[in-house]
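Position 14, counted from 1, in the sequence shown is what the numbering used here calls 31; the numbers after and before it change by one each time, with no gaps. Working notes, structure below.
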Amino acid sequence: MKPACLTATLTLTLTLIAAAAAGEAGVSAERFSACLAGLRTEAAGKGVSATSFDRLTRDLTPDPSVLEFLDYQPEFRTPIWDYLAGLVDDERVADGMAMKQQWASPLASVAERYRVDADTVVAVWGVESNFGRNFGKRPLLTSLGTLSCFGRRQAFFRGEFLSTLKILDTGDIAPERLVGSWAGAFGHTQFMPSTFLRLAVDGDGDGKRDLMDSVPDALASTANFLHKAGWRTGEPWGYEVVLPPGFDTSVSGRTNKRPLAYWSGRGVRRADGQPIAAAEAAAGLLLPAGPRGPAFLVLRNFDVIYGYNAAESYALAIAHLADRIKGGKPFVTPWPTDDPGLSRRERRELQTLLTGRGYPIGEIDGMIGANSRQAIQTEQKRLGMTADGRPGQKLLAALRVAAAEKPVGTAVPTTPTR
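Shown next as structure tokens:
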């Protein structure tokens, strides 16, 4: 390591130690400024000049609200049937088919160039940003600067912060356009800044890699990601299967891969009735809701999708949406619940019914935020349900009945909370 790099590392380390020593003092402008001073030194070692650093961070202030999201990841906290109900619904499938047709030429080009499945590229686009409708609104430098200096995983976010500075310094994306999620993912297919620097490509030939305003750039960059992660052309991600009675599920697990012949020899059958290929390709048995729910044999391409966002539920959503865009059907085996999740259309209907009962839901957008959850909890208590704030079919059905029975013009007394 060069002396300059050692100095930068030591300076940043001392800065962070000092910040940690402040204990529970919380986010403050002074701590933020001290942290940025250390990052300024490290940025120089990454090729971002002091002049550029000062220009890009001159008016930067911390945003403490991003720290609230550090321990919340819906992929791990949401029941799988709720997670997939919102991500792979008829609305998104129809949109995916339309986008596949609208962008047929660039999709065909990237599929041929990178030897990947075009429908999977479209599925990533649909899940990550709802086909460019939901980018996120947080300025990346603000979010990543805050996460670099406060909270957990500061080392990870420092790398993303410095990568963001590099992106802005090279001019691929204008500073005012670089907005995204609280964690720093941005653009049509929600690349992290370090991923952008490694894998983003120019898909429209204008000399820039712009995931914010160029769909061809986003599609090509996503195809390049899948390609570099090891996508196998002509091989499926996997498929739904049916287990024989009394099957020993101790052999399950995405990474516990066995030859396909092993699974067929143990009585595992495809749910669509087709035979399991007589190939030596290795597959793992995925049971996302346990042995009573849908089961899947997943191959190498499922792992490639998993690499985009390390959650099995996320990878299953992408894989299933890609299949549905191809014309495939919903899963054969139902989820092991008597209260299935809601599609986005149904969530909007639920919010409309709650608004009609006097709750301050705000925008009817199908996004179950704090106001919606508080209203749901109140209604669940009234109905004798578990007051967990979860939107499900049972609550929706009950509110439909209540709306049908309520006389026109009669207000329903509620005690909504914000």
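We treat Cβ as the ideally placed atom computed from N, Cα and C, and that holds for glycine.
query	result
Of the residues Ala295, Ser269, Gly344 and Lys274, the one placed nearest Pro308, counting alpha carbons only	Ser269
C-beta atoms of Ile342 and Arg364 nearer than 8 Å	no
Sub-8 Å separation of Phe167 and Pro305 beta-carbons	no
Classification of Val418 by the beta-carbon crowding that lies within 10 angstroms, buried from 16 upward	exposed
Contact check, Leu77 vs Thr159, beta carbons under 8 Å	yes
Assigned exposure category for Gln118 - 16 Cβ within 10 Å defines buried	exposed
3-residue-minimum beta strand (DSSP E) runs that sit fully inside the region 177–260, ordered along the chain	255–259
Selected residue, minimal CA-CA separation from Leu316, among Glu257, Pro357 and Pro253	Pro253
Option nearest Arg374 by Cα separation, candidates Pro351, Thr354 and Leu416	Leu416
Separation of Ala296 from Leu302, as counted between CA atoms	16 Å
Chain D within 8 Å of Val321, Cβ atoms only	Judged by its chain identifiers, the structure shown contains no chain D, having just a single protein chain.
N-terminal and C-terminal residue of the alpha helix (DSSP H) that Phe313 is part of	Counting along the chain, Phe313 falls outside any alpha helix (DSSP H), though it belongs to the beta strand (DSSP E) covering Ala312 to Val315.
Test item: CB-CB of Ser238 and Gly224 under 8 Å	no
Helix, strand or coil at Thr272 according to DSSP, with G and I counted as helix	strand
Which of helix, strand or coil DSSP assigns to Arg287	strand
Integer-rounded CB distance, given that Pro311 should sit under 8 Å from Gly284	Going by Cβ atoms, the distance from Gly284 to Pro311 rounds to 17 Å, so no, they are not a contact pair.
Three-way DSSP call (helix, strand, coil) for Leu77 in this model	coil
Cα-Cα separation between Ala38 and Arg48, rounded to whole angstroms	Unreliable positioning characterises Ala38 in this predicted model, as indicated by a pLDDT of 36, which lies under 50. A coordinate reading is not provided.
Residue range of the beta strand (DSSP E) that includes Leu442	Because the chain is modelled from 18 through 435, residue 442 falls outside the range shown and cannot be assessed.
CA nearest to the CA of Lys183, picked from Thr68, Gly113 and Ala300	Thr68
Between the CA atoms of Pro81 and Cys52 - distance to the nearest angstrom	15 Å
DSSP state of Gly301 mapped onto helix, strand, coil	strand
Tyr15 and Ala217 closer than 8 Å at C-beta	In this structure the chain extends from 18 to 435, so residue 15 is not present and cannot be described.
Beta carbon of Ser389 nearer than 8 Å to that of Gly103	no
Residue closest to Asn151, alpha-carbon to alpha-carbon, out of Thr395, Thr181 and Gln207	Gln207
C-beta atoms of Asp356 and Gly409 nearer than 8 Å	yes
Lys117 - containing alpha helix (DSSP H), residue span	Asp107 to Gln119
Simplified DSSP assignment, three categories, for Gly153	coil
Burial state of Asn273 (16 or more Cβ within 10 Å)	exposed
Distance cut-off 7 Å: Val218 Cβ against heavy atoms of the ligand HEM	For the ligand HEM, the structure offers nothing, since it holds no ligand at all.
Cβ-based neighbour list, Leu277, same chain, cut-off 8 Å, excluding 5 preceding and 5 following	Ile293, Ala294, Ala295, Ala296, Glu297, Ala298, Ala299, Ala300 and Leu314
Asp227 classed as buried or exposed, judged by whether at least 16 other C-beta atoms fall within 10 angstroms	buried
Residue burial classification, Gln368 (beta-carbon count within 10 angstroms, cutoff 16)	buried
Buried or exposed by the 16-neighbour rule on C-beta atoms within 10 Å, applied to Leu370	buried
Beta-carbon contacts of Phe86 that lie in its chain and below 6 Å, excluding the five residues immediately before and after	Trp199
Gly176 versus Pro156 - alpha carbon distance	16 Å
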